[in-house]
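Numbering (my numbering), first residue to last: 9 to 331. Beta carbons: idealized from backbone N, C-alpha and C, even for Gly. No experiment lies behind these values; they were computed from the predicted model shown. Just below is one structure, and these are the notes that go with it.
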Amino acid sequence: MKRFTIFLCTLAISVLLVSCGGEGAKDSKSAKSNELAGTIKIDGSSTVYPITEAIAEEFRTVGPKVKVTIGVSGTGGGFKKFARGETDISDASRPIKDKEAAACKENNIDYIQLSVAYDGLAVVVNPENTWAESMTVAELKKIWEPEAQEKIINWNQVNSGYPDAGLKLLGPGTASGTFDYFTKAINGTEGASRGDYMPSEDDHVLVQGVAGDKHALGFFGLAYYLENADKLKLVGVDAGNGSIKPSMETVKNGTYAPLSRPIFIYVSSKAVQNPAVVEFVNFYLKTTAAVVGDVGYIPLPDEQYTSQLSDFAAFVAKHKSDM
Numbered sequence: 009m010k011r012f013t014i015f016l017c018t019l020a021i022s023v024l025l026v027s028c029g030g031e032g033a034k035d036s037k038s039a040k041s042n043e044l045a046g047t048i049k050i051d052g053s054s055t056v057y058p059i060t061e062a063i064a065e066e067f068r069t070v071g072p073k074v075k076v077t078i079g080v081s082g083t084g085g086g087f088k089k090f091a092r093g094e095t096d097i098s099d100a101s102r103p104i105k106d107k108e109a110a111a112c113k114e115n116n117i118d119y120i121q122l123s124v125a126y127d128g129l130a131v132v133v134n135p136e137n138t139w140a141e142s143m144t145v146a147e148l149k150k151i152w153e154p155e156a157q158e159k160i161i162n163w164n165q166v167n168s169g170y171p172d173a174g175l176k177l178l179g180p181g182t183a184s185g186t187f188d189y190f191t192k193a194i195n196g197t198e199g200a201s202r203g204d205y206m207p208s209e210d211d212h213v214l215v216q217g218v219a220g221d222k223h224a225l226g227f228f229g230l231a232y233y234l235e236n237a238d239k240l241k242l243v244g245v246d247a248g249n250g251s252i253k254p255s256m257e258t259v260k261n262g263t264y265a266p267l268s269r270p271i272f273i274y275v276s277s278k279a280v281q282n283p284a285v286v287e288f289v290n291f292y293l294k295t296t297a298a299v300v301g302d303v304g305y306i307p308l309p310d311e312q313y314t315s316q317l318s319d320f321a322a323f324v325a326k327h328k329s330d331m
């Protein structure tokens with residue numbers, strides 16, 4: 009009886025210790041999350057914005073005391089702030105340019121480029137447009153090349169089968185990575201474009217402009233079309249292998265050419281001194297695959313996110329050791 013009593017006492021103590029240990033681990037994890045604080049400043053591409061916004065929303069459960077601010081000044085505008093050290097992360101719908109990289113170097117800012125998703129550029133018209141079901145790359149170039157300025161002003165100048173009606177054009181501004189990518193893919197030279205169109209860094213403005221004019225044509229990231237599909241009509245693009253419309257499938261398998269691309273975030277070496285930034289970027293790479301489809305983008309292969317997590321860990325270790 010005495011031995012049995014001792015056994016029960018020992019068992020009770022063991023259970024108590026295990027229970028306390030479990031709570032301690034849980035409390036430790038919770039404490040770690042609660043230790044994260046401060047502000048993470050992000051700016052850049054309007055195309056990448058919906059992904060970053062969605063990730064920031066999810067991150068509130070991990071770092072409720074962390075304030076994540078996200079601006080939309082276009083890829084080029086974002087890189088200007090990034091190079092001056094005004095932001096921690098730059099959203100980008102194209103790779104950094106040499107002059108932007110040089111500006112970072114001048115200010116002793118190193119960075120890491122991380123791919124977050126694939127995106128397709130949507131060419132759109134008003135739903136009342138009954139003639140432009142599909143356009144060739146050559147027709148798009150005829151509209152958007154610099155030589156078209158103040159010359160190609162009617163739809164029938166693009167294609168004799170189109171009506172004799174005014175052509176209203178809308179698109180991203182020159183600071184946009186989407187502008188850079190489109191002009192390179194369609195006109196052959198990055199930044200080469202007619203200037204007599206309505207530009208905006210806010211894709212919602214472009215959506216409203218096309219939705220409000222029967223004779224309008226515009227382009228922007230596929231996510232903004234999917235969000236406003238009831239207000240717009242998607243135009244197929246023929247690069248020589250038949251007309252293809254952008255979708256999750258055609259962007260992912262590469263058949264929607266030449267208007268498919270990867271999109272990125274850039275993280276600065278100064279920013280990774282902040283534990284909240286490190287935690288946020290790790291969370292971003294671990295969560296993006298599950299989030300991007302909901303906001304109209306295509307996730308990368310799982311192994312690419314895993315590889316980038318390792319690259320980011322090495323980047324953080326390098327710059328922590330530089331302190």
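| message | Check for me: the alpha helix (DSSP H) holding Q216 runs from which residue to which? | response | D211 to A219 is the extent of the alpha helix (DSSP H) around Q216.
| Taking one C-beta from the segment 111–126 and one from the segment 294–314 each time, how about it: are there three or more such pairs within less than 8 Å? | Taking a cut-off of 8 Å on C-beta distances, the segment 111–126 touches the segment 294–314, as three or more cross pairs fall below it.
| message | For L234, which residues in the same chain have their Cβ closer than 8 Å to its Cβ, ignoring the five residues on either side in sequence? | response | G304
| field | Same chain only: Cβ atoms within 7 Å of K222, ignoring 5 sequence neighbours per side | value | N134, E136 and N137
| request: Output the boundary residues of the alpha helix (DSSP H) element that contains L234. | output: L230 to E235 is the extent of the alpha helix (DSSP H) around L234.
| Cutoff 6 Å; reference A265; Cβ partners in own chain excluding five residues on either side | For A265, where only same-chain residues beyond five positions count, the Cβ hits under 6 Å are A247.
| field | Cβ shell of A173 (< 6 Å), same chain only, five flanking positions each side left out | value | W163 and H223.
| message | Please report the straight-line C-alpha distance between V324 and I273, rounded to a whole angstrom. | response | 15 Å
| Hey, would you say S81 sits closer than 7 Å to F90, going by beta carbons? | no
| message | Which complete alpha helix (DSSP H) runs does the segment 55–131 hold, if anything under 4 residues is left out? | response | You should have 57–67, 82–91 and 106–114.
| Quick one, which of T191, K294 and A298 has its alpha-carbon nearest S318's? | K294
| In this structure, does DSSP put S268 in helix, strand or coil? | The three-state secondary structure of S268, taken from DSSP, is strand.
| request: To the nearest angstrom, report how far apart A84 and A183 are at their CA atoms. | output: Residue identity check: residue 84 is Gly in the sequence provided, not Ala. Going by the C-alpha atoms only, they are around 5 Å apart.
| task | Drop a sphere of 10 angstroms on the beta-carbon of N195, count the other beta-carbons inside from all chains shown, and report buried for 16 or more, exposed for fewer. | result | buried
| request: Measure the beta-carbon distance from A130 to F227 and round it to whole angstroms, keeping in mind my assumption that it falls under 8 Å. | output: 7 Å
| task | Please list, in chain order, all residues of the same chain as L24 whose beta carbon is under 8 Å from its beta carbon, the five residues on each side excluded. | result | Residue placement at L24 cannot be trusted, given a pLDDT of 37 that sits under 50; what the coordinates show is reported in the next sentence. Taken in chain order, the list of residues that qualify is empty.
| said: Just to check my reading of the structure: A62 and G185 have Cβ atoms closer than 8 Å, yes? What is that Cβ distance to the nearest angstrom? | reply: Not confirmed; about 19 Å, so no contact.
| request: Can you tell me which of the three DSSP states V259 falls into? | output: helix
| said: Mapping the DSSP letters down to three states, classify N162 as helix, strand or coil. | reply: strand
| field | Rounded straight-line distance, which links the Cα of D106 to that of G199 | value | G199 and D106 have their C-alpha atoms roughly 15 Å apart.
| field | Segment limits, alpha helix (DSSP H) that includes K294 | value | P283 to V299
| Mapping DSSP to helix, strand and coil, what is Y336? | The first residue shown for the chain is 9 and the last is 331, placing residue 336 beyond what the model contains.
| query | Is it true that the CB of A231 sits closer than 7 Å to the CB of P342? | reply | Any answer about residue 342 is impossible in this case: the structure gives the chain only from 9 up to 331.
| task | Under the assumption that L267 contacts V132 (Cβ atoms under 8 Å), give the Cβ distance between them as a whole number of angstroms. | result | Going by Cβ atoms, the distance from L267 to V132 rounds to 12 Å, so no, they are not a contact pair.
| I117 and I78 look like a contact to me (Cβ under 8 Å); what is the Cβ gap, rounded to whole Å? | With a Cβ gap of about 20 Å, I117 and I78 do not count as contacting.
| task | Tell me where the beta strand (DSSP E) around F50 begins and ends. | result | Here residue 50 turns out to be Ile, not Phe, going by the sequence shown. Note, I50: beta strand (DSSP E), G46 to G52.
| field | Beta bridge counterpart(s) of Y274 as assigned by DSSP | value | S98 and Q121
| field | Residue of A140, I161, V56 and E158 minimising C-alpha distance to G169 | value | With distances taken between Cα atoms, G169 lies closest to A140.
| Contact set for H327: own chain, Cβ-Cβ below 6 Å, skip 5 residues either direction | S277 and V280
| If you run the structure through DSSP and keep just helix, strand and coil, what is A140? | coil
| query | Beta carbon of A284, beta carbon of G46: below 7 Å? | reply | yes
| task | Using the Cα positions of Q216 and A146, report the straight-line distance between them to the nearest angstrom. | result | Q216 and A146 have their C-alpha atoms roughly 26 Å apart.
| task | With DSSP collapsed to three states, give me the class of L242. | result | L242 carries a strand assignment under DSSP once its states are collapsed to helix, strand and coil.
| Rounded straight-line distance, which links the Cα of M143 to that of Y205 | 19 Å
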